[in-house]
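Novice: Have a look at the structure that comes next, please.
Residue numbers (the working numbering): 22 to 397.
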């Protein structure tokens, strides 16, 4: 098998590492050859590095030709073009998602992908991604599903004030999740609600009492997929107690706005100021933990059932990879392996429709990421 990994950042590193462990040929591509070479070393003896500009169609088409699957670990706004070029080249493609409009463009390639005999799966990260697959798996085990509740959080193992949080991924992405409106299902219909609302307490064994609140982006295509089939579906982010109140105050003061204001004769965007301040205050976290819980409720053979999926994953000292890297990157590498081996349907499909849930759980377990299933 031959895989092409586009992007040699943190996620690209973890994806390439995992694919390299499958004794596959891995081509690591980045605009920086030096960075690509560093990741290729981690990916093993069958990995090579290439300098590639992912905005250049000629360079991309040349490097992906003849590969079994391409994984994009670059910024989301390149993904629509990359998916298009993979269709033209007849190569399977998956990415980490990050933007609903881009994902819609990718899914619009469905007919062409089927004709080309390939699979395109966007949103193959943690949320969306793993949560999408778990939602679908739980749904498939019930005769009637009433609700799907998804809870995920990436946290420092040792929280420090004032926010009890650290940088585990892009601050731009983080603030976007806190500010933009979220898509949920209410009475079976797709509904838009405000983020930073519907605060609840949540607990995990070995952790103090935590909180969870609505944020945008985590559901991606799920509301559309389950509209009319499930009454309620929502996604909330998990944080240490008190985080939401502090962040909401900053947002209520206008610091989440993208509209420029004048300060000392200069025009500045409040959100950029907030991000700049947070980047100085918040520590970059290595020893992190990712918490996940998916609760799917309904009926089986006339009896009420609750299917619960739960995961607690921590920083891995052996690979020097954070839990956020592992739980975001490995779903993408697993999807690439499935596509390359013909285990996914052809076409352009979201993960909840394209990734076999039981196989996914098994492959995550093989990588030391344990997602427990309970039925109550």
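Think of the CB as a built atom: it goes at the ideal place given N, C-alpha and C, for glycine as much as any other residue. Given the structure is predicted, the values throughout are model-derived calculations rather than measurements.
Assuming the contact rule is C-beta atoms closer than 8 Å, residue 306 and residue 351 should be a hit. Round their C-beta distance to whole Å, please.
Specialist: Mapped onto the chain shown, residue 306 falls at position 285. Mapped onto the chain shown, residue 351 falls at position 330. Between residue 351 and residue 306 the Cβ distance is about 19 Å, and since that is not below 8 Å, they are no contact.
Novice: What's the gap between the Cα of residue 329 and the Cα of residue 136?
Specialist: Taking the first residue of the chain shown as position 1, residue 329 is located at position 308. Taking the first residue of the chain shown as position 1, residue 136 is located at position 115. Taking the straight line from one Cα to the other gives about 38 Å.
Novice: Closer than 8 Å is the cut-off here; do at least three beta carbon pairs connect the stretch 97-115 with the stretch 316-335?
Specialist: no
Novice: Using a threshold of 8 Å, state whether the C-beta atoms of residue 373 and residue 88 are closer than that.
Specialist: Taking the chain shown and counting its residues from 1, the one referred to as residue 373 is at position 352. Taking the chain shown and counting its residues from 1, the one referred to as residue 88 is at position 67. For residue 373 and residue 88, no; Cβs fall outside 8 Å.
Novice: From what residue to what residue does the alpha helix (DSSP H) around residue 351 run?
Specialist: Along the chain shown, read from residue 1 onward, the residue named residue 351 stands at position 330. 344-361 is the span of the alpha helix (DSSP H), which, as asked, contains residue 351.
Novice: Can you tell me whether residue 98 is buried or exposed? The criterion is at least 16 other CB atoms within 10 Å of its CB, across all chains shown.
Specialist: Sequence index remark: in the chain shown, residue 98 carries index 77 (1-based). It is exposed - the Cβ of residue 98 has fewer than 16 other Cβ atoms within 10 Å.
Novice: State the DSSP-derived secondary structure class of residue 186, mapped to helix, strand or coil.
Specialist: Here residue 186 corresponds to residue number 165 of the chain shown, with the count starting at 1. Residue 186: coil per DSSP, three-state reduction.
Novice: Once DSSP output is grouped into helix, strand and coil, what is the label at residue 240?
Specialist: Looking up residue 240 in the chain shown gives position 219. Of the three classes helix, strand and coil, the one that applies to residue 240 here is coil, per DSSP.
Novice: Going by C-alpha distance, which of 143, 73 and 183 is nearest residue 371?
Specialist: In the chain shown, the residue the question calls residue 371 occupies position 350. Checking every option, the nearest Cα to that of residue 371 belongs to 143.
Novice: State the Cα-Cα distance for the pair residue 84 and residue 250, rounded to the nearest angstrom.
Specialist: Position 63 of the chain shown holds residue 84. Position 229 of the chain shown holds residue 250. Residue 84 and residue 250: Cα-Cα distance of roughly 42 Å.
Novice: If we count the other Cβ atoms within 10 Å of its Cβ and call it buried at 16 or more, is residue 264 buried or exposed?
Specialist: Mapped onto the chain shown, residue 264 falls at position 243. Within a 10 Å sphere around the beta-carbon of residue 264 sit 16 or more other beta-carbons, which makes this residue buried.
Novice: Runs of 4 residues minimum, wholly inside the stretch 53-111: which ones carry the alpha helix (DSSP H) assignment?
Specialist: 54-64, 78-85 and 100-110
Novice: Taking the alpha helix (DSSP H) that residue 133 falls in, what are its first and last residues?
Specialist: The count along the chain shown starts at 1 and reaches residue 133 at position 112. Counting along the chain, the alpha helix (DSSP H) containing residue 133 begins and ends at 131-137.
Novice: Looking only at its chain, what residues have a beta carbon closer than 7 Å to the beta carbon of residue 381, apart from the 5 residues adjacent to it on each side?
Specialist: Along the chain shown, one-based indexing puts residue 381 at 360. Closer than 7 Å at the Cβ level, and outside the excluded window around residue 381, lie 154 and 355.
Novice: On the DSSP bridge assignment, give the partners of residue 291 in chain order.
Specialist: Counting from 1 along the chain shown, the entry for residue 291 is found at position 270. Answer is none; residue 291 lacks a bridge partner.
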